[in-house]
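Top line first, the protein sequences correspond to chains A and B.
Numbering follows my numbering, with no gaps: position 20 of the first sequence is 20.
Numbering follows my numbering, with no gaps: position 436 of the second sequence is 1023.
Just so it is clear, CB atoms sit at the ideal spot from N, CA and C, and this is done for glycine as well.
A short worksheet on the structure shown next.
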Amino acid sequence: MNGFPYLLILLLLPLAGAIVVAGMGGAAVRTVRLTAMAFAVLEFAFAVALWIDYRNFLTEGGGSNPFSATVSVEWIPSFGISFSLGVDGISLVMIALIGFLMPIVLGASWEERLPAGRTIGGYFALLLAMQCTMVGVFAATNVFLFYCFFEVMLIPMYFLIGYFGGPRRAYAATKFFLYSLLGGLLMLASVIGLYVASGQVLPSGTLDWAALRQIAGSIPESTQMWIFAGFAVAFAIKAPLVPLHTWLPDAGAEAPTGASTLLVTVLDKVGTFGFLRICLPLLPAASARLAWLFLLLALLGILYGAIVAAMQTDLKKFVTFTSIAHFGFIAMGVFVFTTQAMSGAVLYMLNHGIATGLLFIVVGMLIARGGSRQVADYGGVWKVAPLLGGVFLVATMATVALPGTNSFVSEFLVLIGAFARYPGWAIPATIGMIFAAVYMLWIFQRTMTGPVRGAAVVRPGQPAGPEGEVAVPAAATVPTGAGPTVAQVGPSADSGPSGAGLVAAAPAAVIDSGPDAHGPTRVRARFGDLTRREIAVVTPLVLAILFLGIYPKPVLDVINPTVTATMSSTGFSDPGTAVPAPNGGGK
Amino acid sequence: MGPALLSAVPAVTAGSAGAIAAPPVDRIPAPAIDLVAVLPVLIVLGAACLAVVVEAALPRGRRFGVQVVLAVAAVLGAGIAAVVLGAQGHDVVTFAGAVSVDSATYVMWAGLLALSLVAVPLMADRVAEPGGAFVAQAAAVVGSGRDRRAAAVATPMQTEVFPLALFAIGGMLVFPAASDMLTLFVALEVLSLPLYLMCGLARRRRLISQEAAVKYFLIGAFTSAILLYGIALLYGYAGSVRFSDIAAAATGGAGSDLLLLVGIGLLVVGLLFKGSVGPFHLWTPDVYQGAPTPVTAFMAACTKFAAFAAMLRVLQVALEPMAWSWRPVLAVVAVISMAIGAVLGVAQNDMKRMLAYSSVAHAGFLLLGVMALTERGATATLFYLLTYGFATVGGFAVLTLVRRGGGEAPQLSDWAGMAKRSPALAAVMTIFLLSFAGIPLTSGFIGKVVVFTAAMDVGLGALVVIAMVATVVTAFFYLRIIVLMYFSEPKTDTVGAGMADGPVVVVPATVTLVVIGVCALLTVLLGIVPQPVLDVMSVHFPLLS
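As structure tokens, then:
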């Protein structure tokens, strides 16, 4: 069991990367970026190795130990605190997701436009530091250590938002930090409470997860309720469930694309992960007693997130609200207490990371081109940038959970599992799927289809820049009435601002007649299609969406044993005959 | 002066006690005195007396070096003595039961001296403020001819502050070791009087400094009277000033409960005042703001330590039988203190006032550990005091480096864009602020965990939750500084020529640099590997008396 220290490496490698990258102050930008990428890729390689190692652990039976690749060092023994790491199926999936996403996020942030005076080195270093803390929070098997990573995670994200973010970054960063800190400190009260409660059952208190799980049934229910409350508030803020979600749209919108991708795809999963790792196994009585509340919040999130998403005018806020709807599904899967739904929830955590990761990155690419986060500033992008539009379509399909995409499998599992126990909760949640189709297709329609418009419109307060060169007789014909549209189309899309095939004119007419119709008016490219770098960034995500949509078995094989164990510790058994989790997916 | 004072007081009390019990005799029996046990106190007070002589005898030019070396050597020597004696387990009640030296005392002494060791050198900085932070002639009327003349003479550095600090430290050492009420009171006065003076010594902003000194003195004297009245009532109840006798009388339940309860109330108010616990904190913001910053750092770290350490002993030894009566009251006081510190701290625009309110909030957290009345609670409280002290000294040391037009620049707005101007300074300040906010990997976090665990252990869970909420509110104003330092643009004057008026970060003197470095290092180190220090600081109950 104590073989190769995968987890220690997975934890320290990004930290080392962060230090190295931060220390490369004077080096060329290219070197800095490549160094960061090298660390991220190496980390991913170790994550894959860990996955293989865990498969072996499972085939060997695993014994009584719930965790593989364990590392444990005494830390503060007088308070029952040790530095203990280990993975089970759920945390493995999350660690693998981080490892998979990190190179993609770095690639997507390759040419991130940061606020003046900020360097890409600091940005990448913070992203890597973020990765270290996220691996830690998923790998910790001591509740105190879990808490430590949970809180430390705030600091890199705080600086990512506040130092590198958009115009309202200070506000968003502070809101994010205080919200999370409030949850975190209430959780600290619960961690301490758990320690004290364990001291009343055991000879001396402990915060070791395995030991606490042994005594979970012995803690009186009234005590459990109090302890549960602190954890639940922390996780509900982090997840976020609906009444406590208001920090996420601000943070997600103001953070630079890479950071908000990590925020929504991985960091928020810590909340649902916490429910699965701490609340259900360690506080089973309270979890069962309060499940209705979380089902209610989950349903609320599904419907509210969807409705608010549909109303959004800001693209990044839109993505965060779609995520809030999806987190509702995950929370529902956790709290209906069926094996299927819980497997679905874990799978959803992975799939949402991939699907929304793609959506966020694509939206980020769109914003980088258009220079605006407003939905109204885009239109007909598909005609201008067909590849971008195509990838956006894939992300749309995955978000809507169309059969064949990864999200379908998980959403389906959650709903089937929920239906088996609580049809009353499952049926209204199904409406959420319809809402998802509404908001997602609507946004696709507004931005990608229709007449080309908006993207290069000079808005008040933005320097006119290249548009100065454009002859603008057609301004009056632009639908928005605000100015000309500039677009680059044609075969030279990859070559960036080479100037070939540039058009600027009344959009619809020009696009329809092709790029060659206009000769002399040339402007700097503002709206190219995907570059080679961007194609490389999105390809793995698109492939993962399709692969997991068709063949989720490898992941479910890893998840299921842990889910079964978690289920057994909650004391629930599946209603009726236990339905084996489907292996084939949604075909 | 110091040792004489110490031995005289117990002799008197022993005499009076003897007079009641035994038939009158001509000779007062000499109390047993263990001078080895109180060696740390003797070293500090002896050095203080020597420092007075130095001040009188040496020529002005040579005083500074001698005084600094003497003060640091005394604190260091006393600290080593405390550690060695503590390791030997030299536990004894001496001076006829007036001073009890046990494992807890050694821990308190070592902690106090460790904090003094970083706080005292800060007073020796002559670079940030040319000629030191202290006024040339403290007695001169502000703005008078004498004051101007004294200020014009470029003195190397006024050095009265060092003997004063040593006397204060001596009083602080006796304060938590006191085992009877009179020693407690005398120690309180010995530590307070030099502090009143030191508050009025600021070279800049003299009026505000003198105002602080007067305020501190008046309220302090008033509280001393209240404390003394409480002692008198307790004596009336128990017929003795010894802690153990009072506890025994309270357990026996003889006498008037009214005397006892009112006495406890008045006594505790006096102690809470020194610990700047709300609602007895009213002096704190003004004094923190007006005092010279090195003195503020010294007070915030060391006085608080001494006050809470003394509170631990008094509550545990003398008042434990009555815990049912004062614990609910202290619980309310703790909540009020947290609320005042957190809420009013948000409204501050001055760094020093903000840190003052933050210290009021922290005093509320500390009370949770004190109220627990367990070994773990005592250990946790002392550990919290140590971590808080280092972060506070470090924070104030950073404050001395940001200046505007010669004086310090304590306005929050002066800190805008600090990360650009001086990244290292901003990073270090961020560490201290995160420690105050209790973020993991800083010592403040471990301090909070151990204190709150001790409180939860004895069923104070509701208070812990309130403390958590208060922590979030305090975190808001710590964050505000981080936001200013990192996310705001530096405040540049509209025209380039105006740079002289803008805030500047001075290159720190070596001492200040070392102090900041040590504090930052300890703040991080105690957050990552707290166990050795927690082991060393573990206190054994029952405390000797």
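Between the stretch 811-828 of chain B and the stretch 865-876 of chain B there are fewer than three C-beta pairs closer than 8 Å, too few to call the two in contact.
With a threshold of 16 other beta carbon atoms within 10 Å, glycine 839 of chain B falls short and is exposed. Contact annotation: valine 1092 of chain B and methionine 958 of chain B have beta-carbon atoms that are not nearer than 9 Å. The beta carbon of tyrosine 1073 of chain B is closer than 6 Å to those of Ala1006 in its chain, skipping five residues each way along the sequence. Burial is judged here by how many other beta carbons sit within 10 angstroms of a residue's own beta carbon; valine 919 of chain B has fewer than 16 and is exposed. Between the stretch 221-229 of chain A and the stretch 172-179 of chain A there are fewer than three inter-stretch CB-CB distances shorter than 8 Å, so the stretches are not counted as touching. Pairing glutamine 745 of chain B with leucine 788 of chain B gives a Cβ-Cβ distance under 9 Å. Between the C-alpha atoms of tyrosine 816 of chain B and alanine 755 of chain B there is a straight-line separation of about 23 Å. In the structure shown, aspartate 208 of chain A falls within a strand segment according to DSSP collapsed to helix, strand and coil. In this structure, valine 87 of chain A keeps its C-beta atom at 9 Å or more from the C-beta atom of valine 270 of chain A.
Shortest Cα-Cα distance from cysteine 636 of chain B to any of B/Met759, B/Ile1115, B/Leu751, B/Ala978 involves B/Leu751. Within the stretch 338-383 of chain A, complete alpha helix (DSSP H) segments of at least 4 residues are found at 339-370, given in chain order. DSSP places tryptophan 75 of chain A in the uninterrupted beta strand (DSSP E) bounded by 68-76.
A direct Cα-to-Cα measurement between alanine 69 of chain A and leucine 11 of chain A gives close to 13 Å. Taking 9 Å as the CB threshold, alanine 1062 of chain B lines the interface with chain A. Here glutamate 995 of chain B is bridged, per DSSP, to B/Arg990.
Runs of the alpha helix (DSSP H) lying entirely within the stretch 616-690 of chain B, each at least 4 residues long, are 626-644, 647-675 in chain order. Proximity of chain B to phenylalanine 79 of chain A at the Cβ level (cut-off 8 Å) is accounted for by Val1036, Val1037, Thr1040, in chain order.
DSSP lists A/Val73 as the beta-bridge partner residues of phenylalanine 83 of chain A. At a beta-carbon threshold of 7 Å, the residues of chain B lying near leucine 181 of chain A are Val1059, Ala1062, ordered along the chain. Around the C-beta of glycine 932 of chain B, 16 or more other C-beta atoms lie within 10 Å, and the residue is accordingly described as buried. Residue contact check for phenylalanine 329 of chain A against chain B: no CB pair falls below 9 Å. Taking leucine 13 of chain A as reference, the option from A/Gly25, A/Val563, A/Val41 with the minimal CA-CA separation is A/Val41. By the criterion of at least three beta-carbon pairs nearer than 8 Å, the stretch 130-148 of chain A is in contact with the stretch 206-222 of chain A. Judged by pairs of C-beta atoms under 8 Å, the stretch 228-241 of chain A does not touch the stretch 92-112 of chain A, as fewer than three such pairs exist.
Taking phenylalanine 809 of chain B as reference, the option from B/Val1015, B/Pro997, B/Leu853 with the minimal CA-CA separation is B/Leu853. Excluding residues up to 5 positions away in sequence, Leu771, Ala774 lie with their Cβ nearer than 6 Å to the Cβ of alanine 765 of chain B in the same chain. An exposed status is given to isoleucine 427 of chain A, since fewer than 16 other beta-carbon atoms sit within 10 Å of its beta-carbon. Bridge partners of asparagine 142 of chain A according to DSSP: A/Asp208.
Per DSSP, reduced to three states, the secondary structure at valine 1091 of chain B is strand.
Excluding five sequence positions before and after threonine 1110 of chain B, the CB atoms of its chain that fall closer than 8 Å to its own CB belong to Thr974, Phe977, Ala978, Gly981, Ile1018, Phe1019, Ser1022, Thr1029, Ser1030, Gly1031, given in chain order. Nearest in C-alpha terms to serine 180 of chain A, of all of A/Val375, A/Val233, A/Thr133, A/Val384, is A/Val233. In this structure, the straight-line span from the alpha carbon of arginine 453 of chain A to that of leucine 97 of chain A is close to 37 Å.
Sequence-distant Cβ neighbours of isoleucine 81 of chain A in its own chain, meaning closer than 7 Å and more than five residues away, are Trp75, Asn142, Phe144, Leu207. At least 9 Å separates the beta-carbon of proline 1090 of chain B from that of arginine 940 of chain B.
Nearest CB-CB separation between leucine 1121 of chain B and chain A: below the 9 Å threshold.
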